[in-house]
Amino acid sequence: MRSPDFSTVIDLLRDRAECEPDRQIYTFLSDGEIISGSLTCQQLDRQAKAIAAQLQSMVAPGSRALVIYPYSASLEFIKAFFGCLYAGVIAVTDNPPRNRQNLCQLQKRIESSQANIILTTKDFFNRIQSQLQLIPTLAATLRNIPWITTDEIPQSQAENWIEPPLNSDSIAFLQYTSGSTGIPKGVAIAHGNILHNCAVITDAFSTTSESRGLVWLPLFHDLGLIGGVMQPLSAQFPVFLMSPLEFIQQPFRWLQAISRHQITVSGGPNFTYDLLCEKVTPQQKETLDLRGWKVAFTGAEPIRAKTLERFSKTFGTCGFHPEAFYPCYGMAETTLMVSGGKNKYLPAIAHLDRAELAKNRVVTREKNHKQGETKAVVGCGKVGLGIEIKIVDTGTLTEASAGEIGEIWVAGESVGKGYWNNPQETAKTFQVSLANYPEERFLRTGDLGFLHEEQLFITGRLKEMMILWGRNHYPHQIEETVEKSHPALRANCGAAFAVEIDGEERLVIAYEIERNYRQNLEGNAIISAIRQAVMEQHLAEIYEVILLKSGSIPKTTSGKIQRKFCKEKFLADSFDPVWRWQSQSSPGSDLELLNLPSK
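Letter 210 of the sequence shown, counting from 1, is numbered 211 in the working numbering, and no numbers are missing.
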């Protein structure tokens, strides 16, 4: 699974620029429909050198550069990312800030990474500067860090580029993943990790130079960055890019682009396929030709067997083949992909006995077993992709017995180097070993699962994390957003947790309100404010909101929210709400009721 010809990503791009200078590798679809720009291998190589030369004149190799670009500037983001690599500067990718809270999170990212410089476009720089006037403390912090507006760097600057002394172990970028303590953690991803994971994906997807990709996922994180930018370059096939906001606003654009540009590889989290079934009209379906879609990957959140069946049935008349579905599993700590199925085969589905599953035991039943007594779990592929997986009994730290569910541990060349500047968390997560094999080091994923007939199945998580719309969310982050959404909500007196509704993980908010608001309570206004804030800042929908009187939320003696107990009370319907609201629609089906964040 190695890439023997290259030791760094710089070697890879320079080879592509020399051997295939005019190959168009990245194309951006403005409004999700119109081709508004593209990059050839040679153009990317030259512009990356120009940006790198500018960086080299301002900071030393090994410095960290915060890379923040609006979704509409995907091509500029790609140039800047490769510019960092070409300079030997560690890229720190981040979501483009759209509001005050995002800007405050930006400060945490700068402090955690110890960023020395910031890269963006001229237009976005001006927009951020105007927003910073409202946050004087953050403005003061950012004034001490130089900015580069990369779209103003002349290509002639490329002549000043000096190739840095890098190897496969050199850190390429920091890929951030939220911590349960609220402290952001940057996974240090090396050049060798990227090249290895690209080879893993190429082998798993069976992509060739004849493939054609499409990605709408954000480019600042693993699915978009590795799957949508790095892997197509490695496998030498073109990829079309569109903004995630364009997809969310009009999901049909995704399928329209797949049909129009003869895309063979594209995908997204489970919710996207449900959303398409909800939103695409019969008239729109008549215009689609999905026969060329060979790999419809799905991952990043629990994969539902019902979703695969529903999508295949809904779009079968458009030429979509059920065999195109490609369930897979991965995470930021492993660069991206860990396991994947066998292309051109139907996904593996295990029907598990629910009672035994609750005891962490695997007992399979027939598909037509008694209704309600089984749970369909979709397999995430084989593990023979150059990555080693162990299913571990967390009590004994030994391999779980056959038929038992345990924590998934991973080893291999795709596993990152650890958390940036955080040796304690690195030791706890990246450097663990089995009791009977103390020499070998593994990554603890925090995910629970089992192996069955050479397939990896995911059943749950150890860590207190929710996956909503394919993105990881920690309760305290959503609770902070909710708390600030309306003055009626009491500080540190609410809980965010996920429950399974019809096989889908859905978000529930339970929050106390101030006493003086109870007499003139405007429940609908409070709930609307909560829903709006969570959508804008987390791109997640709420299933139910429960407003409670003071003193209702369970806490520990030290004042910590007992989220597990809150969930139990919700499931037992033992809360005494002052006001209650519940969504009557499936995920994504009422998006038009909310004001989506601007581009």
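Glycine included, C-beta positions come from ideal geometry on N, C-alpha and C.
Please read these numbers as outputs of a predicted model, since none were measured by experiment.
Could you check whether residue j and residue i sit closer than 8 Å to each other, using their CB atoms as the reference points?
i, j, result
"ARG1", "MET243", "In the structure displayed, the chain extends from 2 to 600; residue 1 sits before or after that span and is not available."
"CYS42", "ILE52", "no"
"GLY228", "PRO219", "no"
"ALA530", "SER584", "no"
"ILE1", "ASN271", "Here the chain has residues from 2 to 600 only, and residue 1 is not among them."
"LEU120", "VAL68", "yes"
"GLY447", "GLY413", "no"
"THR336", "ASP223", "yes"
"PHE238", "SER212", "yes"
"THR203", "ALA173", "no"
"MET231", "CYS278", "no"
"GLU484", "ALA496", "no"
"LEU175", "ALA189", "yes"
"THR28", "GLU77", "no"
"VAL393", "GLY407", "yes"
"ILE149", "ILE195", "no"
"LYS186", "ASN361", "no"
"MET332", "VAL201", "no"
"LEU309", "PRO348", "yes"
"LYS568", "VAL500", "yes"
"THR299", "PRO328", "yes"
So if DSSP puts residue i in a beta bridge, which residue, or which two residues, is it bridged to?
i, result
"THR397", "Partner(s): none; THR397 has no beta bridge."
"GLU1", "Coverage of the chain is limited to positions 2 through 600, which leaves residue 1 absent and any answer about it impossible."
"ASP354", "THR375"
"VAL188", "GLN176 and TYR420"
"LEU215", "PHE241"
"PHE462", "The question names Phe, but residue 462 is Arg in the sequence shown. DSSP output for ARG462 lists ASP448 as bridge partner(s)."
"MET332", "DSSP, once it has assigned bridges, lists no residue as partnering MET332."
"TRP410", "LYS391 and ARG445"
"ARG362", "GLU405"
"THR150", "THR121"
"GLU501", "GLU506"
"SER340", "TYR330"
"GLY225", "DSSP lists no partner for GLY225."
What's the C-alpha gap between residue i and residue j?
i, j, result
"GLU593", "LEU457", "Note that GLU593 scores 42 on pLDDT, short of 50, meaning its location in the model is unreliable; the coordinates nonetheless yield the value given after this. Distance between the alpha carbons of GLU593 and LEU457 is about 37 Å."
"LEU177", "TYR420", "Note on identity: in this sequence residue 177 is Tyr, with Leu being the wrong assignment. Distance between the alpha carbons of TYR177 and TYR420 is about 9 Å."
"GLU603", "VAL90", "No information on residue 603 is available, as it lies outside the stretch 2 to 600 that the chain covers here."
"ASN96", "PRO137", "21 Å"
"SER559", "LEU463", "Its pLDDT being 46, under 50, SER559 is placed unreliably in this model, and the coordinates cannot settle the point."
"THR182", "LYS314", "Confidence at THR182 is low in this model, with a pLDDT of 38, below 50, so the placement of that residue is unreliable and no value is reported for it."
"GLN533", "ARG99", "14 Å"
"PRO323", "ILE562", "44 Å"
"GLY320", "ILE36", "25 Å"
"GLU542", "SER207", "35 Å"
"LEU215", "LYS280", "20 Å"
"GLN130", "LYS295", "44 Å"
"ASN103", "PRO439", "42 Å"
"ARG442", "TYR72", "38 Å"
"HIS477", "CYS494", "11 Å"
"LYS123", "GLU153", "7 Å"
"PRO578", "ILE468", "26 Å"
"ALA351", "THR265", "27 Å"
"ALA644", "SER434", "Absent from the structure is residue 644, since the part of the chain shown begins at 2 and ends at 600."
"CYS85", "LEU549", "50 Å"
"ARG24", "GLN284", "36 Å"
"GLY450", "GLY461", "7 Å"
"ALA573", "LEU289", "45 Å"
"ASP12", "GLU112", "31 Å"
"GLN432", "LEU444", "6 Å"
"ALA140", "GLN115", "16 Å"
"ILE547", "GLU537", "20 Å"
"VAL581", "SER58", "Residue 581 is actually Arg in this sequence, not Val. Cα-Cα distance, rounded: 58 Å."
"LYS50", "PHE571", "56 Å"
Shorter than 8 Å from the beta carbon of residue i to some beta carbon of chain C?
i, result
"GLY495", "You won't find chain C in this structure, because it holds only one protein chain."
- Message: I want to know whether the region 379–386 touches the region 331–351 - three or more CB-CB distances under 8 Å.
- Response: Yes, the region 379–386 is in contact with the region 331–351.
- Could you tell me which uninterrupted beta strand (DSSP E) segments, each at least 3 residues in length, are contained entirely in the region 62–89, listed from first to last along the chain? Correct list: 65–68.
- What are the uninterrupted segments assigned as alpha helix (DSSP H) that are 4 or more residues long and contained completely in the region 473–498, given in chain order? Listed in chain order, the complete alpha helix (DSSP H) runs (minimum 4 residues) inside the region 473–498 are 476–486.
- Scan the region 292–317 and note each continuous alpha helix (DSSP H) run of 4 residues or more that stays entirely inside, going in chain order. Whole alpha helix (DSSP H) segments, 4+ residues: 306–316.
- Say whether the region 538–556 touches the region 504–519, bearing in mind that this needs 3 or more beta-carbon pairs closer than 8 Å, one atom from each stretch. Inter-segment contact for the region 538–556 and the region 504–519 is present: three or more beta-carbon pairs are separated by less than 8 Å.
- What are the start and end residues of each continuous beta strand (DSSP E) run of 3 or more residues lying completely inside the region 251–285, in chain order? For the region 251–285, whole beta strand (DSSP E) runs of length 3 or above, ordered along the chain, are 266–268.
- Query: Taking contact to mean at least 3 C-beta pairs separated by less than 8 Å, is the region 156–163 in contact with the region 389–409?
  - Reply: No: the two stretches stay apart, fewer than three of their Cβ pairs being nearer than 8 Å.
- Task: For the region 3–41, list the beta strand (DSSP E) runs that are entirely contained and at least 3 residues long, ordered along the chain.
- Result: If we require 3 residues or more, the beta strand (DSSP E) runs fully inside the region 3–41 come out as 25–31 and 35–41.
- Message: Extract the residue ranges of the alpha helix (DSSP H) inside the region 121–148, only unbroken runs of 4 or more that lie entirely within it.
- Response: Qualifying alpha helix (DSSP H) stretches, in chain order: 123–133 and 137–144.
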